[in-house]
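Chains as they are written, first to last, in our numbering: chain A, 143 to 509; chain B, 143 to 509; chain C, 231 to 648; chain D, 231 to 648. Note that CB positions come from ideal geometry on N, CA and C, so glycine has one too. Working notes, structure below.
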Amino acid sequence: MELQLSEEQDAFASTTRRFLAAECPTTAVRALEHEAAGFDRAVWAQGAALGGTSLLVPESLGGGCFSEHGLSDLVLAAEEMGRVLAAGPLVPVNVVAEAIAHHGSEEQHQRVLPGLLDGSAVAAWCGPAPVRATRDGESLVLSGRCSTVEAGAQADHLLVTALVDDQPTQVLLPADTPGVLVTPLDGLDLVRRFADIDISATVGPEAVVGAVGDAGPAIEHQGHIACVLQCAETVGAMDRVFEMTLEYLGDRYSFGRPLSSYQALKHRMADDKMHLESCHAIATAAARAVAQGSPDADEVVNAAKVWIGPHATELVQDCIQLHGGIGVTWEHDLHLYLRRVTVNRATYGTPEEHAERIARHLTGVTA
Amino acid sequence: MELQLSEEQDAFASTTRRFLAAECPTTAVRALEHEAAGFDRAVWAQGAALGGTSLLVPESLGGGCFSEHGLSDLVLAAEEMGRVLAAGPLVPVNVVAEAIAHHGSEEQHQRVLPGLLDGSAVAAWCGPAPVRATRDGESLVLSGRCSTVEAGAQADHLLVTALVDDQPTQVLLPADTPGVLVTPLDGLDLVRRFADIDISATVGPEAVVGAVGDAGPAIEHQGHIACVLQCAETVGAMDRVFEMTLEYLGDRYSFGRPLSSYQALKHRMADDKMHLESCHAIATAAARAVAQGSPDADEVVNAAKVWIGPHATELVQDCIQLHGGIGVTWEHDLHLYLRRVTVNRATYGTPEEHAERIARHLTGVTA
Amino acid sequence: MIETRATDDMEPVEDFRARARAFLEATMPPLGDGWNDRSDERRDRERELQALLWQGGFAGICFPKEYGGLGLSQEHQRAFTAESTPYDMPFSLNVPTLGILAATLVEFGTHDQKLRYLPGILRGEELWVQFLSEPSGGSDLAGCLTRADRDGDVFMLNGSKIWSSAAYASDYAMCLARTNWDVPKHRGLTMFIMKIHQPGVTVEQIRQVDGTLEFCQEFFDDVQIPASDVVGEIDDGWTVASRLLVHERLAVGGGSPYTSGASFGHDGSGTDTTILDAAQEAGTTRDPHVRQLLAEAHVRQMVGGQLVKRVTEGMASGALPPPAGSVIKLFGATNVMRRSEIGLEIAGAGVVAWPADSPGVAGDLGRASLSRQGVSLGGGSNEIQRNIIRERLLGRPREAAADRDIPYRDVRRGGSAS
Amino acid sequence: MIETRATDDMEPVEDFRARARAFLEATMPPLGDGWNDRSDERRDRERELQALLWQGGFAGICFPKEYGGLGLSQEHQRAFTAESTPYDMPFSLNVPTLGILAATLVEFGTHDQKLRYLPGILRGEELWVQFLSEPSGGSDLAGCLTRADRDGDVFMLNGSKIWSSAAYASDYAMCLARTNWDVPKHRGLTMFIMKIHQPGVTVEQIRQVDGTLEFCQEFFDDVQIPASDVVGEIDDGWTVASRLLVHERLAVGGGSPYTSGASFGHDGSGTDTTILDAAQEAGTTRDPHVRQLLAEAHVRQMVGGQLVKRVTEGMASGALPPPAGSVIKLFGATNVMRRSEIGLEIAGAGVVAWPADSPGVAGDLGRASLSRQGVSLGGGSNEIQRNIIRERLLGRPREAAADRDIPYRDVRRGGSAS
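Quick look at the structure:
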């Protein structure tokens, strides 16, 4: 998180934290383990009412934010959600809301945004990997699979990337479009749901978001937003786990001394603190770069993912080690955090994929 | 080093250690820094007299060893040399002596072995990378460059790999063969010398070692011997550096306590000890596998290099850190050790190259 | 120290090997997939396998003859183990029952105790477990709060133990309890043999992150133990516990003379094959970066194997002191951590989600990574192993302890006892 | 705490920026290759560059007006630094002279001391250095054995200091010495201003592994210092030294208000360009494994930059306490270590040997790796930074010290004083 927030941001962060503490304790996460949706729609709607789905949408379309760039506000919510592992499709709903708000038609605005903004509807972002599309008069014939789509089985709307004449195009489909087959998946996180989506459908021109063949920059921007939110969530989770571990080491005695007095453990906590601060720093930089549309946004986002992904799992694992045996029990919350950061590490591009993008920037050549 | 040695091996190791302590202290290494040869031929001859160049040569040809396999004895010398960083072309002389003894003609035996065995002559092993060769009647026309050849400029004999009709062949050249241009190089180690050797020469059939086109297995075996000796030397250096660091930490007080009492340092020494033992274990296994001609010799040698190369530099660097500022001064011997293990890491195949060979074994495919 | 060499009055090792080979071929089932199961069914199966060894006269090769063993040397045991690799064996009886608890009993038990308990163990009828760790104690095993109060010929135990393996399915435990609160902590402990299924003992299984229920917590409520079941001397239980821990490191490392059959260990990061399979599943075996990772994972296993060999041989011959076992333990644990990391990297996006109930290799690697620290905690944490290496193997200063040389009742014991 | 904000009575920041831009363009030479030289010639050159700043009225932007500075805010300083990036600047005067010693003098010096010393510093005429570390002391700066014995208005110093940067080419030092042996160690120290080139002071240059002779050891043989050159209070030198160390961490991290011009730091592992060049030299830029390494090296630099920004801004605003500087220091050092390792891996066999006197990029990476720990030792070792982070930033228990609260003459000081 930024070390200095505006008054409005500070108020938003505090409200969010209070709301999450009341409505989304980790006991609630555990209770949702066997719920198909993985989140509570009533709680989600309350979160939406607090602003959780509207910050990337302009005021004119029912959204609005506190600072110059809605993303700078939204990462505060993402980080708070990470701290408690709150359930809910924050990334896909916001990414799709942003996309529709900025590139959608008026009809799409009216049909889709109100539900996303009040939390009554959910959208899934099917990512940059495209399905095939061929033209059939005014219509597009889509076919292909979108793998491991977050909230794919919970979504009312699917934002799909398709290649039309080899050019990236985005299409918004109702989830119940004939020819759309959604297969829910099992996964590592207790409540974050993914699905495979097979598409074999014909859609009219009204489904296209923006202009046909013109969606490249928008898709890249969506990927950036997804990564920024994910990194903020991960850093929030790391922050909380670190805090829990500090408390644990201070309370616990071994050989007549508090665990926190053992130098080997002290030095590991110092290293963990350093890594935590470095993750905050690069996550913040990525959020800022994307919010401000900096020319180096792609590079900074890639760097954030490359750095935070493995350091998050490493830090949580080290904190588990510092907790001793209790850390690997089901009863303790640590594994919930580990599941979340492990899943985040591997979604919206693995660290290795993002590193490869950095290498392309650096060397000017492909592998 | 093997934890249990035979009586003869134990005696050999002790004699070697006493000899090296007397003749090859690190002050001697420092004194040789600006000597072109990088070693003292008189001391080298004494070491040869103790067995340092004859252990891989059968008794019938003037060599002989203490145990079943000469390499098991020779690694003891290599490890002792590593402990004091003794100067001298141990690897190339032994590799070439073994090659000539086992594959050379009688004429080659008589011409080359006595000098190598009594230490009056030096040989360079130009490695597996081949120069080109074309036939000209009975003769071979060689052309190409051998890069970074250890003791290349000190050698009287050069064992060169050439491709004849695309088949690996080994050729033994006097260093003063017309058309052989040796360029001495500067380098990281104070006394270990390397040279580039450009060859553009015609040689008669008497220069060929073994049969034309048939040297593949011999060359691989030579590479194994080189790696095994190098790993033993590196482990000897690590062992000594670790020992020096234990002593230092025990003697030195900070904040009224011996440095060795600080838990963070204790844990690092424990990790270093673990890595040291693991390097001993795999170095020993590699020596045994090559000595006994095990079918998995290549795999174990590769593993030894992959493991020991980076762990050696890491351990020495950590020991430098534990020594504090004095560790990065010219006056302290630590950097001599660091130079040696850094050079060893990158010669006779880098760890990455050896890892790639392991991957080939594992996956059954090439990159 | 534990090494027993073959002597002339023993059956020659090669003769024994030939007999063992014939017996194994005739009797033992081939090694199948299930050997690494931690299920109750598998445990029962292993009791049966142990009974087969007993009936064939091959149980307890290094155990004393008078208590049902064969009284042979570790060379005989190694020959048997080498011959046994193609067969299914009672692997999990090795640790903790045979390698740790029976070994400790051989060393400290009275003649009567050994007569009474060892044959049952060797017949596969009795599984044993150690009750050492406590909920509030962490690594500080001697900081034991479970109390044993004497009443005539009986001790009354109250307290709780934790992290015992499969106590719910086991028969006996060695349980450390405090019998004297007025002396410094190491000097007021006593080791007891405790029948697990008896009044006053409640065993609860602890659900681990990987879903297993193997580890247990026990609660003692006026549990009665006859004084004849004290192991070693009263108030000298720490001596017994310390040796028990040495046996544990040896057995876990595969260097115990009392274990039979190959020691596979339980590698939380999956085998080489798993990681390689994941690369194959992802189609990345030709990627140079993936190849470096595959090689590293494989090299780590190879080095680990050689290190176990070096250290166990060194300990057996006396070239290395018992604390060297910690080197193996620490290496194994760090190996699991690094290999788990490699597994995650190679599995890539495959760790996130999978078709219902079929996680595939990548999903398996992801799930295994969740409990990877288990190996770095169980049987003495990495931190404890590092202390042992530095203090006892390298012989350097002990960590300052605030509880040394003062009556244990006066020691600070901190906040979060659970 | 150190942050000074622009106030209404100051020249507006943007006006100042415009003036600075014009001055820099007209006066300062463009940034060339030599800025990172540690040679004596470069040092003289930087004295001249500082003199140009002084003559132009741009020296000491945040220093008080009465001592030759401009009395402006850190915002002015940042504007100036931003404008100065294309130009050659007296970079090495920032550390230690301006950012550490002059900063400490501003905080603790008497009016007379500041009047006497600060203008000379700002004119580039005087280089300063700290005399804190001692040969026997390691990280324990307060375990100072150099003694200062008072004789009327003069102190007589005897002892030795080490690891001072370029003391042989500098003019003044702040030197910590023990003035009282009968109190615990932190309470018997005094900080002195010492003229370096005077009778009784011998300066020896220490040859480092990388061949540099920048670091020095000093020997004091009845060096006389007038009592008027005591900084702060007698016997309260540790207060001064502690703040000096805070200024050091800030200045090294690039967060000092007293430094001018970009802070490049000295990165022992070479810049990104070096590592990339090595890959290009080796023809491996398309190798996926090398690409992962190149990316990691680059990401580390990016993250390091963002961390410096976060922490220095946080410290300036008070959101983070001064010990946070240790996070930057430690990160920078671990970065150098890891980047050095990446460099070695990418350089491959190129680190071994090279044509006479032309090591090439790979050889440079090899040679740089030899002294990589320098960054992890100088200015407070990584171990000390970790202690600071844990104890002062996270506020947890101090490491046990055997020398606390006892007269320093009774403290054990161990074997190998050199």
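For residue 399(A), the residue or residues it bridges with in DSSP: 396(A)
Closer than 6 Å: residue 451(A) CB and nearest the ligand GTP heavy atom: Questions concerning the ligand GTP fall outside what the structure shown contains, since it holds no ligand whatsoever.
7 Å Cβ cutoff met for residue 417(B) and residue 377(B): Going by C-beta atoms, residue 417(B) is not nearer than 7 Å to residue 377(B).
Whether residue 601(D) touches residue 439(D) by CB criterion (7 Å): yes
Contact with chain A by residue 286(C), beta-carbon distance below 7 Å: no
Whole-Å CB distance - residue 234(A) paired with residue 267(A), under 8 Å assumed: Indeed they touch by this definition, with Cβ atoms about 4 Å apart.
Residue environment, residue 442(A), which counts as buried when at least 16 other CB atoms sit within 10 Å: buried
For residue 425(C): DSSP bridge partner residues: 402(C)
Proximity test, Cβ basis, 7 Å: residue 544(C) and chain B: yes
Selection of the region 365 to 388 of chain D by Cβ proximity to chain B, strictly under 9 Å: 365, 366, 367, 368, 369, 370, 372 and 373
Residues bridged to residue 455(C) [DSSP beta-bridge criterion]: 385(C)
Selection of the region 322 to 347 of chain A by Cβ proximity to chain C, strictly under 9 Å: Within the region 322 to 347 of chain A, 325, 326, 327, 328, 329, 330, 331, 334, 335, 336, 337 and 338 place their CB atoms closer than 9 Å to a CB of chain C, listed in sequence order.
Residue range of the alpha helix (DSSP H) that includes residue 306(B): Premise fails: residue 306(B) lies in the beta strand (DSSP E), 299 to 306, not in any alpha helix (DSSP H).
Per-residue burial, residue 497(C) [other beta carbons within 10 Å of its own, 16 or more giving buried]: Here residue 497(C) scores only 33 on pLDDT, less than 50, and its place in the model should not be relied on; the value that follows carries that caveat. When all chains shown are included, residue 497(C) counts as buried.
Test: residue 419(B) CB closer than 7 Å to a CB of chain C: At least one CB atom of chain C sits nearer than 7 Å to the CB of residue 419(B).
Interface flag, residue 635(C) vs chain A, CB-CB below 7 Å: Not closer than 7 Å to any Cβ of chain A, the Cβ of residue 635(C) fails to qualify, so no.
Cut-off 7 Å between Cβ atoms - residues of its own chain near residue 499(D), not counting five sequence neighbours on either side: Interpretation of residue 499(D) is limited by its pLDDT of 34, a score under 50 that renders its predicted location unreliable; the figure taken from the coordinates is listed afterwards. Excluding residues within five positions, the ones whose Cβ falls inside 7 Å are 566, 569, 570, 573, 598 and 602.
Opening and closing residue of the alpha helix (DSSP H) in which residue 284(D) lies: 270 to 286
Within-7 Å CB hit, residue 395(B) to chain F: The chain labelled as chain F is not found among the protein chains of the depicted structure, namely A, B, C and D.
For residue 281(C) and residue 354(C), believed in contact at Cβ under 8 Å, the rounded distance: 4 Å
Residue burial classification, residue 359(B) (beta-carbon count within 10 angstroms, cutoff 16): It counts as exposed.
Chain-order list of residues whose beta-carbon lies under 6 Å from that of residue 362(D) (same chain, five-residue window excluded): 371 and 406
Under 7 Å between C-beta atoms of residue 400(C) and residue 423(C): no
Cβ pair residue 339(A), residue 291(A) closer than 7 Å: yes
Interface flag, residue 437(C) vs chain A, CB-CB below 7 Å: yes
Local Cβ density within 10 Å of residue 149(A), reported as buried at 16 or more and exposed below that: exposed
Residue 461(A): first and last residue of the uninterrupted alpha helix (DSSP H) it sits in: Run containing residue 461(A): 439 to 465, per the alpha helix (DSSP H) assignment.
Alpha-carbon spacing of residue 310(B) relative to residue 301(B), whole angstroms: 13 Å
C-beta neighbour in chain B for residue 390(A), strict 7 Å: With 7 Å as the cut-off, residue 390(A) does not count as an interface residue toward chain B.
Any C-beta of chain D under 7 Å from that of residue 519(C): yes
Beta-bridge pairing of residue 322(A) - partner residues as DSSP gives them: 341(A)
Chain A contact for residue 650(D) (CB, 7 Å cutoff): What the structure shows of chain D is the stretch from 231 to 648, and residue 650(D) is not part of that stretch, so it cannot be assessed.
Of the residues 263(B), 391(B) and 299(B), the one placed nearest residue 195(B), counting alpha carbons only: Among 263(B), 391(B) and 299(B), the Cα nearest to that of residue 195(B) is on 263(B).
Chain B contact for residue 328(C) (CB, 7 Å cutoff): no
Segment contact, 8 Å Cβ cut-off, at least three pairs: the region 210 to 230 of chain B with the region 272 to 285 of chain B: no
Short CB-CB distance (under 7 Å) between residue 502(A) and chain C: Output row for residue 502(A): interface = no.
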